[in-house]
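A.B. asks: Numbering (the working numbering), first residue to last: 84 to 489.
Just so you know, even glycine gets a beta-carbon here, dropped at the ideal spot from N, CA and C.
Keep in mind that this is a model prediction, so the values were computed, not measured.
This is the structure I want to talk about, given as structure tokens.
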Amino acid sequence: MQQLAVGFAREDISPLVPVHMGGYGYRSAKSVGVHDDLTLNAVALSDGAQRVVILVYDLVSFDLEGDAEIKGAVAAATDLPIDAIITNTSHTHAGPMTVHDAYQPYEPAYMGMVIQRSCLAAQVALADQQPASLSVGEAPLDIGHNRRLKAEHGVSLSSNPAGQTWHAVDVWRLQRAHDAIVLWSAPVHGVVQGSDNLYISAEWMGAARRALEAAEPSLCSVFMQGCCGDQNPYRAPDAFAQIEALGHKASRAILQALADAVPLASLPLVNRVTKVLLPLDEPNVPPDPPLIPDGPRPLRPSRTERAIPLHGLRLGDALLVGMAGEPFVEYAAYLKGHVGTKAVMVLGYTDSTLNYLPTDRAFAEGGYEPGAWIWYPGGAPWAPAIEAPLKRALTDLADDLRSLPA
84 MQQLAVGFAR
94 EDISPLVPVH
104 MGGYGYRSAK
114 SVGVHDDLTL
124 NAVALSDGAQ
134 RVVILVYDLV
144 SFDLEGDAEI
154 KGAVAAATDL
164 PIDAIITNTS
174 HTHAGPMTVH
184 DAYQPYEPAY
194 MGMVIQRSCL
204 AAQVALADQQ
214 PASLSVGEAP
224 LDIGHNRRLK
234 AEHGVSLSSN
244 PAGQTWHAVD
254 VWRLQRAHDA
264 IVLWSAPVHG
274 VVQGSDNLYI
284 SAEWMGAARR
294 ALEAAEPSLC
304 SVFMQGCCGD
314 QNPYRAPDAF
324 AQIEALGHKA
334 SRAILQALAD
344 AVPLASLPLV
354 NRVTKVLLPL
364 DEPNVPPDPP
374 LIPDGPRPLR
384 PSRTERAIPL
394 HGLRLGDALL
404 VGMAGEPFVE
414 YAAYLKGHVG
424 TKAVMVLGYT
434 DSTLNYLPTD
444 RAFAEGGYEP
454 GAWIWYPGGA
464 PWAPAIEAPL
474 KRALTDLADD
484 LRSLPA
């Protein structure tokens, strides 16, 4: 009889020297110290026939190139297929710059360390696999707000009390003989600290990890970032104190969700990788950069669409669906409604982060996110009609995951 086996490993990925930081385009200096540690968590899953490894980082994001470098190295170190590796970043804006050719100088030496420790963590997690059961819970959690406030002269990055939110935390407990790996997600940006902060920090998500594991030492906390493209945390003048306060509040909500968690079947294990082609605003798509500085730009057809990777995972009656972008919370609400169960975790920042994924309404209103493509490598503006094809692709992926009988 098949049984789910789960392994876990954690590596410290705090930078050892000052680094350029990711998240904000207008920082003018490198980091000046580490306020709290950044971690890499590896979760290995197996049904005896196939293996999947989830790698979760306290980092802002990866581009396609960086994600491919990590997965290629991990695949070589573990004999895993590339598609059996899932990456997710917490989207802290207080970590090193891990994106090529973007708004801050890339940190290749730091990224080399991340790749090396990714391989080690994956190997240790695979060797650590033990039989495990699955239970799933949800609890209220209000630590943030919709950040798109429509005013007379457009949309500002300000709190919108009437805007769409998702004030809840999703929790999966993978219980082993003597400990439990807790996967949890809440869609809130890692931006309690602003662009003036030069200290490395895992942000409120890291504070939640520390608080949860202090309260219950047998738990291994693994945060996975959700659809937080239009969601910000509540800020306060003392940002680090606020980070701790929000983290402790999240920890209490996770404990409540664990107390109320419902046991579910943990098999079959189903892993799916696909892409969705989303339309670009063709007249405004910039040409490719020149092959050499100030040289001629290559001649090629204009881009009319861009592929966004999607990754789906099924553990018995529970589904995880991730997007390679910064999705608005509407996409999580929509997919949860389509599936009709609480045992659905909908993620952004998965298998790279290529652009914001706004809704049609956001394109009509304007504001920061529809125009934020300029901050991404190879960025191009979306046509204001990506919502329908993206939702269709998400539901198709969820339906495919569920098509195999339990």
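(1) By a C-beta neighbour count over all protein chains shown, 10 Å radius and 16 as the cutoff for buried, is residue 358 buried or exposed?
(2) Taking a contact to mean a Cβ-Cβ separation below 8 Å, would you say residue 276 touches residue 394 in this structure?
(3) So is residue 84 buried or exposed if we call it buried at 16+ other beta carbons inside 10 Å?
(4) Does residue 223 pass the burial test, meaning 16 or more other C-beta atoms within 10 Å, or should it be called exposed?
(5) Could you tell me the alpha carbon to alpha carbon distance between residue 299 and residue 98, rounded to whole angstroms?
(6) Using the Cβ count rule (16 or more neighbours within 10 Å means buried), how would you classify residue 109?
(7) Please go through the region 313–372 and give each complete alpha helix (DSSP H) segment of 4 or more residues, from N-terminal end onward.
(8) Along the chain, which unbroken stretches of the alpha helix (DSSP H) at least 4 residues long are found entirely within the region 196–239?
(9) Would you identify the three-state DSSP class for residue 482, choosing helix, strand or coil?
(10) Would you kindly check if the distance between the Cβ of residue 318 and the Cβ of residue 325 is under 8 Å?
(11) Are the region 141–152 and the region 110–128 touching by the rule of at least three beta carbon pairs closer than 8 Å?
(12) For a test of the three-state rule: what should DSSP assign to residue 134, helix, strand or coil?
(13) Would residue 463 pass as a contact of residue 398 if the rule is Cβ separation under 8 Å?
(14) For the pair the region 425–442 and the region 454–461, tell me if three or more CB-CB distances fall below 8 Å.
(15) Checking the sheet assignment: what are the DSSP bridge partners for residue 257?
(16) Should residue 173 be labelled buried (16 or more other beta-carbon atoms within 10 Å of its own) or exposed?
(17) Taking the C-alpha atoms as reference points, what is the distance between residue 386 and residue 360?
(18) Could you give the residue range of the alpha helix (DSSP H) that holds residue 151?
(19) Would residue 180 pass as a contact of residue 272 if the rule is Cβ separation under 8 Å?
(20) For residue 382 and residue 323, I'd like the C-alpha separation in whole angstroms.
(21) Is there contact between the region 156–165 and the region 205–225, where contact requires at least three CB pairs shorter than 8 Å?
(22) Taking the DSSP output, what are the residues bridged to residue 446?
(23) Going by alpha carbons, who is nearest to residue 305 out of 290, 241 and 448?
(24) Cβ of residue 115 within 8 Å of Cβ of residue 282?
(25) Inspect the beta-carbon positions of residue 406 and residue 431 and report whether they are closer than 8 Å.
(26) Name the DSSP bridge partner or partners of residue 92?
(27) Give the single residue among 111, 127, 178 and 195 whose Cα lies nearest to the Cα of residue 152.
(28) Mind checking whether residue 274 and residue 316 have CB atoms under 8 Å apart?
(29) Residue 275 by DSSP, collapsed to three states: which one?
(30) Between 339, 87, 303 and 229, which has its C-alpha nearest residue 93's C-alpha?
(31) Give me the Cα-Cα distance between residue 375 and residue 466, rounded to the nearest whole angstrom.
(32) Could you please give the first and the last residue of the uninterrupted beta strand (DSSP E) stretch that includes residue 401?
(33) Helix, strand or coil: how does DSSP classify residue 54 here?
(34) Taking the C-alpha atoms as reference points, what is the distance between residue 227 and residue 332?
(35) Taking Cβ to Cβ, would you say residue 216 is nearer than 8 Å to residue 351?
C.D. replies: In this structure, then:
(1) Along the sequence shown, one-based indexing puts residue 358 at 275. Exposed: under 16 other Cβ atoms inside 10 Å.
(2) In the sequence shown, the residue the question calls residue 276 occupies position 193. In the sequence shown, the residue the question calls residue 394 occupies position 311. Contact flag unset, no.
(3) Translated into positions along the sequence shown, residue 84 becomes position 1. The residue in question, residue 84, is exposed, as its Cβ has fewer than 16 Cβ neighbours within 10 Å.
(4) Taking the first residue of the sequence shown as position 1, residue 223 is located at position 140. So residue 223 ends up on the exposed side.
(5) Taking the sequence shown and counting its residues from 1, the one referred to as residue 299 is at position 216. Taking the sequence shown and counting its residues from 1, the one referred to as residue 98 is at position 15. If you take the alpha carbons of residue 299 and residue 98, they lie about 28 Å apart.
(6) The residue you call residue 109 lines up with position 26 of the sequence shown. Under this definition residue 109 is an exposed residue.
(7) 322–342
(8) none
(9) Residue numbering aside, residue 482 sits at position 399 when the sequence shown is read from its first letter. Under the three-state reduction of DSSP output, residue 482 falls in the helix class.
(10) Reading the sequence shown from its first residue, position 242 is the one you call residue 325. Reading the sequence shown from its first residue, position 235 is the one you call residue 318. Yes, the pair counts as a contact, with Cβ atoms nearer than the cut-off.
(11) yes
(12) By 1-based counting over the sequence shown, the position of residue 134 is 51. Strand.
(13) Looking up residue 463 in the sequence shown gives position 380. Looking up residue 398 in the sequence shown gives position 315. In this structure, residue 398 does not lie closer than 8 Å to residue 463 by Cβ.
(14) yes
(15) As a position in the sequence shown, residue 257 is number 174, starting the count at 1. Bridge partners of residue 257: 217 and 264.
(16) One-based indexing of the sequence shown puts residue 173 at position 90. Classification for residue 173: buried.
(17) Counting from one through the sequence shown, the residue named residue 386 turns up at place 303. Counting from one through the sequence shown, the residue named residue 360 turns up at place 277. A direct Cα-to-Cα measurement between residue 386 and residue 360 gives close to 11 Å.
(18) Position 68 of the sequence shown, counted from the first residue, corresponds to residue 151. Start and end: 147–161.
(19) As a first step, residue 180 is located in the sequence shown; it is residue number 97 there, counting from the start. As a first step, residue 272 is located in the sequence shown; it is residue number 189 there, counting from the start. Their beta carbons are not under 8 Å apart, which means residue 180 does not touch residue 272 by this criterion.
(20) Here the question's residue 382 lines up with position 299 in the sequence shown. Here the question's residue 323 lines up with position 240 in the sequence shown. Caution is warranted here: a pLDDT of 38 is assigned to residue 382, below 50, making its placement in the model unreliable, and no coordinate value can be reported.
(21) Because the criterion of three Cβ pairs below 8 Å is met, the region 156–165 and the region 205–225 touch.
(22) To locate residue 446, count along the sequence shown from 1; it is residue 363. Residue pairing by DSSP leaves residue 446 without any beta bridge partner.
(23) As a first step, residue 305 is located in the sequence shown; it is residue number 222 there, counting from the start. With distances taken between Cα atoms, residue 305 lies closest to 290.
(24) In the sequence shown, residue 115 corresponds to position 32, counting from 1. In the sequence shown, residue 282 corresponds to position 199, counting from 1. Yes, the pair counts as a contact, with Cβ atoms nearer than the cut-off.
(25) Stepping through the sequence shown from its first residue, residue 406 is reached at position 323. Stepping through the sequence shown from its first residue, residue 431 is reached at position 348. Contact flag set, yes.
(26) One-based indexing of the sequence shown puts residue 92 at position 9. BP columns for residue 92 point to 125.
(27) Against the sequence shown, residue 152 aligns to sequence position 69. When only C-alpha atoms are compared, the closest one is 195.
(28) For the purposes of this step, residue 274 is identified with residue 191 of the sequence shown, where counting begins at 1. For the purposes of this step, residue 316 is identified with residue 233 of the sequence shown, where counting begins at 1. Yes, the Cβ-Cβ distance between residue 274 and residue 316 is below 8 Å.
(29) Against the sequence shown, residue 275 aligns to sequence position 192. The three-state reading of DSSP puts residue 275 in coil, since its state is none of H, G, I, E or B.
(30) In the sequence shown, counting from the first residue as 1, residue 93 sits at position 10. Checking every option, the nearest Cα to that of residue 93 belongs to 303.
(31) Numbered from its first residue, the sequence shown carries residue 375 at position 292. Numbered from its first residue, the sequence shown carries residue 466 at position 383. Low confidence applies to residue 375: its pLDDT is 40, below 50, so where it sits in the model is not reliable enough to give any reading.
(32) The count along the sequence shown starts at 1 and reaches residue 401 at position 318. Start and end: 401–406.
(33) Limits of the chain in this structure are 84 at one end and 489 at the other, which puts residue 54 out of reach.
(34) Working through the sequence shown from its first residue, we reach residue 227 at position 144. Working through the sequence shown from its first residue, we reach residue 332 at position 249. C-alpha separation (whole angstroms): 11 Å.
(35) Reading the sequence shown from its first residue, position 133 is the one you call residue 216. Reading the sequence shown from its first residue, position 268 is the one you call residue 351. Against a cut-off of 8 Å, the Cβ pair of residue 351 and residue 216 comes out as no contact.
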